[in-house]
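**Q**
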Amino acid sequence: MKLRSLALLSFCVLLAACSKVNQENYSKLSAGMPKAEVEKLLGSPTDCSGALGMSSCTWGDKNSFISVQYAGDKVLMFSGQGLK
Numbered sequence: 019m020k021l022r023s024l025a026l027l028s029f030c031v032l033l034a035a036c037s038k039v040n041q042e043n044y045s046k047l048s049a050g051m052p053k054a055e056v057e058k059l060l061g062s063p064t065d066c067s068g069a070l071g072m073s074s075c076t077w078g079d080k081n082s083f084i085s086v087q088y089a090g091d092k093v094l095m096f097s098g099q100g101l102k
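Be aware that the sequence shown starts at 19, since it is given in the working numbering, and climbs by one per residue.
#1: Going by C-alpha to C-alpha distance, which of Gln-99, Leu-94, Leu-101, Asn-40 sits closest to Gly-52?
#2: On a CA-only basis, which of Ala-49, Ala-69, Lys-58 is nearest Trp-77? Give me that one, please.
#3: Report the rounded CA-to-CA distance for Phe-83 versus Leu-70, giving the unit in angstroms.
#4: I'd like the span of the alpha helix (DSSP H) that includes Leu-60, first residue to last.
#5: Looking only at C-alpha atoms, which of Tyr-88, Asp-79, Leu-101 sits nearest to Gly-50?
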């Protein structure tokens, strides 16, 4: 049973270390980038909302996140916090 717990803990640590919400990926974002390209880089967003052709999507959590605002399906602006 201890081996299984250790394996699960190791997997969780590895998964956290492989987060796509990081400074390296943030630096690859640019205005005008297609939404599909952003999602290929960062994966599926944690949260999205929008109306009238404008939308905002966030990846990560309250401590470390990337937020991207779109006009249509193109990046208008983006911001990040707590990135490593």
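Built from N, CA and C at the ideal position, the CB exists for glycine as well.
Source: prediction; values computed, not measured.
**A** On the basis of the coordinates in this document:
#1: Sequence index remark: in the sequence shown, residue 52 carries index 34 (1-based). Note that residue 52 corresponds to Pro in the displayed sequence, not to Gly. Answer by Cα proximity: Leu-94.
#2: In the sequence shown, the residue the question calls residue 77 occupies position 59. Trp-77 has its Cα closest to that of Lys-58, out of Ala-49, Ala-69, Lys-58.
#3: Your numbering for residue 83 matches position 65 in the sequence shown. Your numbering for residue 70 matches position 52 in the sequence shown. Spanning the two alpha carbons is a distance of roughly 25 angstroms.
#4: Counted from its first residue, the sequence shown places residue 60 at position 42. Looking at the DSSP string, the run of the alpha helix (DSSP H) that includes Leu-60 is 53-60.
#5: The sequence position of residue 50 within the sequence shown is 32, counting from 1. That would be Tyr-88, whose Cα lies nearest to the Cα of Gly-50.
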